[in-house]
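*Asks:*
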Amino acid sequence: MKSSTPIPNVLFDSCIPHFTESELKVILVIARKTLGWYDKKTGRRKRRDWIAMSQFKEYTGLSDVSVWNAIASLSERGYIRITDERGNVLLTASERKGRRRLFYGLGDVLLKYF
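Under the numbering used here, the first residue of the sequence shown carries the number 50, and numbering increases by one thereafter.
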């Protein structure tokens, strides 16, 4: 269906009990902004996208602190992948600090089932 976002079944089948409400909201925004769109260059669903903090706040209704805490936790556990413009993976908050643009995607924990 064109106007829908596919979500890996593993998210429902085994991951949800391990997420806080904030983490679930953040991961759903990342899924929407990536898997919910086709990359015009490749013809495939996006695997990563630049998502501003303002977008996370708007779509989740969470505060900056709640979003950042959820992002840090999800990244540490491999549920999301954060990269710079060139695609270099940024594993820690210190690596991400001061970056103008961060690109988010679902991590291998979820995508290996997709």
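C-beta atoms are modelled at their ideal positions from N, C-alpha and C, and glycine is treated no differently.
Would you kindly report the start and end of the unbroken alpha helix (DSSP H) that includes Arg94?
*Replies:* Note, Arg94: premise wrong, no alpha helix (DSSP H); not H, not E.
*Asks:* Assuming Val116 and Phe105 make a contact with CB atoms under 8 Å, what is their CB distance in whole Å?
*Replies:* Going by Cβ atoms, the distance from Val116 to Phe105 rounds to 5 Å, so yes, they are a contact pair.
*Asks:* Since I believe Ile129 is in contact with Ile56 (beta carbons under 8 Å), could you give me their beta-carbon distance rounded to a whole number of angstroms?
*Replies:* That pair is no contact at about 14 Å.
*Asks:* CB Glu134 to CB Arg145, shorter than 9 Å?
*Replies:* It is not a contact, given that the beta carbons lie outside the stated cut-off.
*Asks:* Please classify Phe152: does DSSP put it in a helix, a strand, or coil?
*Replies:* Reduced to three states, the DSSP call for Phe152 is strand.
*Asks:* So the candidates are Gly136, Asn137, Thr141; which of them puts its Cα closest to the Cα of Ser124?
*Replies:* Comparing Cα positions, the closest option is Thr141.
*Asks:* With the cut-off set at 9 Å, would you say Ser143 and Thr69 are in Cβ contact?
*Replies:* Going by C-beta atoms, Ser143 is not nearer than 9 Å to Thr69.
*Asks:* Going by C-alpha to C-alpha distance, which of Leu73, Trp86, Leu155, Thr91 sits closest to Leu111?
*Replies:* Out of Leu73, Trp86, Leu155, Thr91, Leu73 has the C-alpha closest to the C-alpha of Leu111.
*Asks:* For Ile131, list the residues DSSP reports as bridge partners.
*Replies:* Paired residues: Tyr153.
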